[in-house]
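Data first, discussion second: the structure below is written as structure tokens.
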Amino acid sequence: MKLQATLPLAVLFFAASVTSSGTNDVWGLVATLSQAPSGDGYLHLGDDGVLRSLSESGDVLAYRQLDPEQINQYINRFPSPAKEHLLGVLKVLMVET
């Protein structure tokens, strides 16, 4: 009986992990994030490696945890001074375990 109850949960967890790691392309992931309807929102990559879509007032509309490859892709779009700063802040997350 316990196996029957836990099996659907295991299937849900497996499906969630497959969906979240379905792409390593950060720009494909960015395209799926909800954004402010006004167009005045912005994206923020936190020092926890989470990319957040924020409204103009700072409300979180959507978020995704990035893997090291995705973090690198995202950071590479910035000019050198900003890129160096971000690499310094996120260097702990950039090391794959």
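According to mature numbering (1 follows the signal peptide of the UniProt record, and there is no 0), the stretch in the sequence shown is residues -21 to -1, 1 to 76, in order.
C-beta atoms are modelled at their ideal positions from N, C-alpha and C, and glycine is treated no differently.
Is the separation between the beta-carbon of L72 and that of P47 shorter than 9 Å?
yes
Can you grab the Cα-Cα spacing for the pair A15 / Y21, in whole Å?
8 Å
Can you tell me whether S32 is buried or exposed, with buried defined as 16 or more other CB within 10 angstroms of its CB?
buried
Let me confirm a value: Q49 is counted as buried when at least 16 other C-beta atoms fall within 10 Å, else exposed. Which label applies?
buried
Tell me which same chain residues have a C-beta within less than 6 Å of the C-beta of K62, skipping the five on either side of it?
I54
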